[in-house]
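A short write-up of the structure that comes next.
Protein chains in written order, with my numbering: chain A, 138 to 416; chain B, -15 to 572.
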């Protein structure tokens, strides 16, 4: 499936990467760009949360967003599926394109957009329904057919199937924290989205559960494009292909291949942050 | 707060005096109200059942035939010697302590009106002991089975009575047509369509239902001959009840034989109920009452018989029935004088009268139940609707936001407006302007709904607000629309809280008198209302009217019986709502 997608949209991506060159961000990889932001700024009332961010997110790779608290990385993530629309006072400037379409265009229905993009939150938030109904939720609201195979595939994809196989009609809230988070991942991938956004998915979990999720992300990236916000720099170094470092005031300071960011960053501030001198 | 003083240990000591004083003062504060209410309730019960005139022999007879076997059942269910000893000690020791204490107070302080030491023992020792034995026994399998069966019997009968009462004001031939042409076909279409997985099943069902409704209303004036009420009840309520009971058992994957037995027995019982004569309810209501009781117990029995343990618990209703009959037999043969009870079956099934002995509450009970049913539906729908709009749809900012805040403040203020003012509003708006008539069920119900609307709105808002935002975010992120999020996530999660608020508000509505006086509800009606536009009375109105009668029998006996009836109806209503709510919470 990934092969097909690559060839289909290759020509399109060439154009978008060309346009990219005159912006401040570097294109981190030669892979197809799926999402691209151009001079993206976000304001909550009078407070600026994101300042002129331009970056291109490549397909079937893990892009990590790191930075200190309040630096705007979660805001950036929530711009990609227009979750910021739900906040009355939020205002977005600049453009975000998904495969060349401006998602903030008036013609774009945010609900339809979110159906292409799965999201996993910091705190596991399964619905107070059965495990089966949790996974089926997305399919149901999106008017897609709910079949047992689809539910099983999603749970297998989230590496949860073996643990819950016999208790599908139990409440999702009865699972442990790590299992709940994997249930949320299963829920997010069940309708087969293009992109998976993860907002600090392991920060509420113990190290063992967190490492399971990290292994899972490694597998998920074969089918999905993953954008992950994390506080944990080791985690970013372990699992991501690209890393974007946000520092105070919603500025994207550096965006490059993860190896480069962690071994030889261009910016002194990024180096200070990564080596723990600040943040 | 804490004062440190030096002691030999070197650590010092921290004084907790003020904390301890505070703890006991707050304990006292919470107990004062309860004690006052308990004393009031004891006196009301004594008056309603005429216990002040009960002879000690009468009390002893029923204590031995009813209370002792019941406690025996509880103890058998618990099956723990230590617990048996404790209960026996409480009952026996309590007897001595109450007798001595009561006599001491009477000789030293003065007589206590309308109470004897036997009654004091009954209320202060026997009732709490029986209650705690019941509670402990209900934790065990045998007790659960016994109380479950008892609950199904009482609950089924009560529910059946309530439905029968609601049907008093319904035009039965019209209901027959509506059921046959609209409800049944629509339900059939919906069930069939869902089974075959048709996308438009619900919409088709609604269309079929509306068409049927049209046909029913058009044919009602044309058709002249209708089946007897009993047959209408059997066809529209008895048959679906039997099918429903069989369906519930079917879902539990029990044998076909059990399913057939449950469905068949329910249908037979409902049919037999037709023959049951009733002085108060319209002919044929027996179908509903008997049918509902048997349906509830049959489903339960199928479950218990299937399980291996605790079957002996099914004997509990037998124990109680035999005990009551034995007590009555002993009283009759030995010739013990029975107390003059006010709250009797005749009292709840007959019309008011000018003589206390013949006084009855039936029309007022019917009035209250019909009114409260309309109020429950109206206030829940309006309250939930308003709360969902204010919390989920209305914007927080801009002009709309300011308007919402203004509405918000006004709703909070409306909750504090005296009920007389609502009565005046109802009089002007519903009775006069809209012409629903003075003291009709519609006027009364609309007025009471308005009265409790602010409370339902505020509590429903609280419930909606308490749904964690993460769940909403999760739903939106899955690509759900706002409506889908509200329907699938917010409402199910907020429903128990919304129901709690509505239950509390309904408790207030059922006891209101002032607005009823204002909208012209009758203090006394002599026959049960037969349409929602006929003159209504309600229990609090009737009780209020009796309280002004000059005869002492009215002020003590009849009023007390009315208060107990009101409390029982209120408790039954709240109990039903709480059971529904808890089931929702558990299913969730």
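Just so you know, even glycine gets a beta-carbon here, dropped at the ideal spot from N, CA and C.
Sequence ranges, alpha helix (DSSP H) only - wholly within the region 26 to 84 of chain B, length at least 4: Segments of the alpha helix (DSSP H) lying fully in the region 26 to 84 of chain B: 40 to 46 and 52 to 62.
Pull up the CB-CB distance for residue 196(A) and residue 227(A), whole angstroms please, since I reckon it's below 8 Å. Against the first chain, residue 196(A) aligns to sequence position 59. Against the first chain, residue 227(A) aligns to sequence position 90. Not a contact, Cβ separation roughly 28 Å.
Restricting to Cα atoms, I'd like to know which of 49(B), 54(B), 565(B) and 277(B) is closest to residue 297(B). Within the second chain, the letter at position 313 stands for residue 297(B). Considering only alpha carbons, the answer is 54(B).
Apart from the five residues on each side of it in sequence, which residues of its chain come closer than 6 Å, Cβ to Cβ, to residue 504(B)? For the purposes of this step, residue 504(B) is taken as the residue at position 520 of the second chain. For residue 504(B), where only same-chain residues beyond five positions count, the Cβ hits under 6 Å are 422 and 423.
Quick check: is the beta carbon of residue 274(A) nearer than 8 Å to any beta carbon in chain B? On the first chain, residue 274(A) is found 137 positions in, with the first residue counted as 1. Contact with chain B is found for residue 274(A), since one of that chain's Cβ atoms lies less than 8 Å from the residue's Cβ.
Coarse secondary structure for residue 519(B), derived from DSSP in three states: Taking the second chain and counting its residues from 1, the one referred to as residue 519(B) is at position 535. Here DSSP, grouped into helix, strand and coil, assigns residue 519(B) to strand.
Cβ-based contacts, 7 Å cut-off: residues of the region 222 to 248 of chain A near chain B: So the list reads 223, 225, 226 and 248, given in the order they occur along the chain.
If you run the structure through DSSP and keep just helix, strand and coil, what is residue 304(A)? Along the first chain, read from residue 1 onward, the residue named residue 304(A) stands at position 167. Assignment of residue 304(A) by DSSP, reduced to helix, strand and coil, places it in the coil class.
So, does the CB of residue 446(B) fall closer than 8 Å to a CB anywhere in chain A? Looking up residue 446(B) in the second chain gives position 462. No - not a single Cβ of chain A is within 8 Å of the one on residue 446(B).
So residue 102(B) is in the alpha helix (DSSP H); what residue range does that whole segment cover? One-based indexing of the second chain puts residue 102(B) at position 118. Here the alpha helix (DSSP H) through residue 102(B) covers 101 to 105.
So, does the CB of residue 464(B) fall closer than 8 Å to a CB anywhere in chain A? The count along the second chain starts at 1 and reaches residue 464(B) at position 480. Output row for residue 464(B): interface = yes.
Hey, how far is the Cα of residue 172(A) from the Cα of residue 222(A)? Within the first chain, residue 172(A) is the residue found at index 35, counting from 1. Within the first chain, residue 222(A) is the residue found at index 85, counting from 1. Using only the alpha carbons, I get a separation of about 18 Å.
Relative to the alpha-carbon of residue 389(A), which residue among 184(A), 209(A), 181(A) and 182(A) has its alpha-carbon at the smallest distance? Here residue 389(A) refers to the residue found at position 252 of the first chain. The residue from 184(A), 209(A), 181(A) and 182(A) with its alpha-carbon nearest to that of residue 389(A) is 209(A).
Near residue 322(A), which residues of its chain fall below 6 Å by C-beta distance, leaving aside the five closest residues on each side in sequence? Here residue 322(A) refers to the residue found at position 185 of the first chain. Only 257 and 295 meet the Cβ criterion.
Going by beta carbon distance, what residues of the same chain come within less than 7 Å of residue 396(A), once the five residues before and after it are set aside? Position 259 of the first chain, counted from the start, is the residue given in the question as residue 396(A). Shown here for residue 396(A): not one same chain residue has a beta carbon closer than 7 Å to its own, the five before and five after excluded.
Could you give the distance in angstroms between the alpha-carbon of residue 5(B) and the alpha-carbon of residue 12(B)? Along the second chain, one-based indexing puts residue 5(B) at 21. Along the second chain, one-based indexing puts residue 12(B) at 28. Answer to the nearest angstrom: the Cα atoms are 11 Å apart.
Can you find the residues in the same chain that come closer than 8 Å, C-beta to C-beta, to residue 349(A), ignoring five residues on each side of it along the sequence? Walking along the first chain from the start, residue 349(A) turns up at place 212. Excluding residues within five positions, the ones whose Cβ falls inside 8 Å are 296, 315 and 319.
Helix, strand or coil for residue 159(A)? Go by DSSP, reduced to three states. Within the first chain, residue 159(A) is the residue found at index 22, counting from 1. Residue placement at residue 159(A) cannot be trusted, given a pLDDT of 36 that sits under 50; the coordinates are not used to answer.
Using three-state DSSP, classify residue 181(A) as helix, strand or coil. Looking up residue 181(A) in the first chain gives position 44. Here residue 181(A) sits in strand by DSSP.
Can you list, in chain order, the residues of its chain with a C-beta nearer than 7 Å to that of residue 45(B)? Leave out the 5 residues immediately preceding and following it. The count along the second chain starts at 1 and reaches residue 45(B) at position 61. Closer than 7 Å at Cβ, skipping near neighbours: 311, 314, 315 and 320.
Contact set between residue 335(A) and chain B, taken where Cβ atoms lie within less than 9 Å: Here residue 335(A) refers to the residue found at position 198 of the first chain. Among the residues of chain B, none has a CB under 9 Å from the CB of residue 335(A); the nearest is roughly 11 Å distant.
Is there a Cβ of chain C sitting closer than 8 Å to that of residue 251(A), yes or no? Annotation note: the requested chain C is absent from the structure, which comprises protein chains A and B.
Applying the 10 Å Cβ sphere with the 16-neighbour rule, what's the burial state of residue 139(A)? For the purposes of this step, residue 139(A) is identified with residue 2 of the first chain, where counting begins at 1. Here the model assigns residue 139(A) a pLDDT of 42, short of 50, so the residue's position is not dependable and the matter cannot be decided.
Assuming the contact rule is C-beta atoms closer than 8 Å, residue 549(B) and residue 528(B) should be a hit. Round their C-beta distance to whole Å, please. For the purposes of this step, residue 549(B) is identified with residue 565 of the second chain, where counting begins at 1. For the purposes of this step, residue 528(B) is identified with residue 544 of the second chain, where counting begins at 1. The C-beta distance from residue 549(B) to residue 528(B) rounds to 14 Å, too long to fall under 8 Å, and the pair is not in contact.
For my contact list, residue 50(B) and residue 411(B) are in at a C-beta cut-off of 8 Å; report their separation, rounded to the angstrom. In the second chain, the residue the question calls residue 50(B) occupies position 66. In the second chain, the residue the question calls residue 411(B) occupies position 427. At roughly 49 Å, the Cβ-Cβ gap does not stay under 8 Å, so residue 50(B) and residue 411(B) are not in contact.
Grab the span of the alpha helix (DSSP H) containing residue 293(A) for me, first residue to last. Here residue 293(A) refers to the residue found at position 156 of the first chain. Following the DSSP letters along the chain, one finds residue 293(A) inside the alpha helix (DSSP H) bounded by residues 285 to 294.
Would residue 275(B) and residue 225(B) qualify as a contact pair, given that the criterion is a beta-carbon distance under 8 Å? In the second chain, the residue the question calls residue 275(B) occupies position 291. In the second chain, the residue the question calls residue 225(B) occupies position 241. Their beta carbons are under 8 Å apart, which means residue 275(B) touches residue 225(B) by this criterion.
Beta-carbon proximity of residue 432(B) to residue 359(B), cut-off 8 Å: Residue mapping note: residue 432(B) aligns to position 448 of the second chain, counting from 1. Residue mapping note: residue 359(B) aligns to position 375 of the second chain, counting from 1. Closer than 8 Å, so yes.
Quick one: which chain A residues come within Cβ less than 8 Å of residue 473(B)? Position 489 of the second chain holds residue 473(B). Per Cβ cutoff of 8 Å: 264.
Which residues mark the beginning and the end of the alpha helix (DSSP H) in which residue 139(B) is found? Sequence index remark: in the second chain, residue 139(B) carries index 155 (1-based). Note, residue 139(B): alpha helix (DSSP H), 125 to 150.
According to DSSP, residues forming a beta bridge with residue 232(A): Here residue 232(A) refers to the residue found at position 95 when the first chain is read from its first residue. In DSSP, residue 232(A) forms a bridge with 175(A).
Residue 170(A) to residue 180(A) span [Cα, whole Å]: Residue mapping note: residue 170(A) aligns to position 33 of the first chain, counting from 1. Residue mapping note: residue 180(A) aligns to position 43 of the first chain, counting from 1. Computed Cα separation, rounded: 26 Å.
Below-8 Å beta-carbon distance, residue 18(B) vs any chain A residue: Position 34 of the second chain holds residue 18(B). In terms of beta-carbon proximity, residue 18(B) stays away from the interface with chain A, with every pair separated by 8 Å or more.
Using a Cβ-Cβ cut-off of 8 Å, state whether residue 290(B) counts as contacting chain A. Position 306 of the second chain, counted from the start, is the residue given in the question as residue 290(B). No, residue 290(B) lies away from the interface with chain A (no Cβ there is under 8 Å from its Cβ).
Simplified DSSP state of residue 241(A), which is helix, strand or coil: Taking the first chain and counting its residues from 1, one reaches residue 241(A) at position 104. When DSSP states are grouped into helix, strand and coil, residue 241(A) belongs to the coil group.
Just the Cα atoms here: how many angstroms apart are residue 101(B) and residue 87(B)? Here residue 101(B) is taken as the residue at index 117 of the second chain, counted from 1. Here residue 87(B) is taken as the residue at index 103 of the second chain, counted from 1. In a straight line, the C-alpha of residue 101(B) is about 7 Å away from that of residue 87(B).
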